[in-house]
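K.L.:
Take a look at this one; I'll ask things after.
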Amino acid sequence: MDNAGSWSKEMLQLTMVNALDQWVKESTRYRGEEELSLLDLVFTKKLQPPPSIQYLSPMGRSDHVTLVLEMQEEDVTM
1 MDNAGSWSKE
11 MLQLTMVNAL
21 DQWVKESTRY
31 RGEEELSLLD
41 LVFTKKLQPP
51 PSIQYLSPMG
61 RSDHVTLVLE
71 MQEEDVTM
């Protein structure tokens with residue numbers, strides 16, 4: 001298995017074992033005529049309410065969108 005395949009398998013295992021959610025759903029990389037890519041990932045434990053994600057224009061010469069993530073802090077009581 002190549003490095004990308006190995007990395008993908010390890011990432012999938014990590015998310016499943018730790019019950020993580022991946023919140024970025026839209027393409028985050030735009031480069032000329034190339035296919036759009038979802039390269040930027042945000043993982044968390046399940047949040048209620050779910051985080052709000054804004055996809056903004058790239059900064060400077062970047063080919064990645066700017067992500068703005070807003071989430072509420074969990075109220076932890078013991």
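So the sequence shown is numbered by the UniProt record's numbering: it starts at 1 and just counts up by one. Just so it is clear, CB atoms sit at the ideal spot from N, CA and C, and this is done for glycine as well.
#1: In chain order, which continuous runs of the beta strand (DSSP E) of length 3 or greater are located wholly inside the stretch 21-56?
#2: Indicate whether F43 and Q13 have their beta-carbon atoms separated by less than 8 Å.
#3: For I53 versus V17, is the C-beta spacing smaller than 8 Å?
#4: So which of H64, E74, S8 has the shortest CA-CA distance to R29?
#5: Whole angstroms are fine: how far does the CA of K46 sit from the CA of Q72?
P.N.:
If we stick to the structure as given:
#1: 43-45, 52-56
#2: no
#3: no
#4: H64
#5: 12 Å
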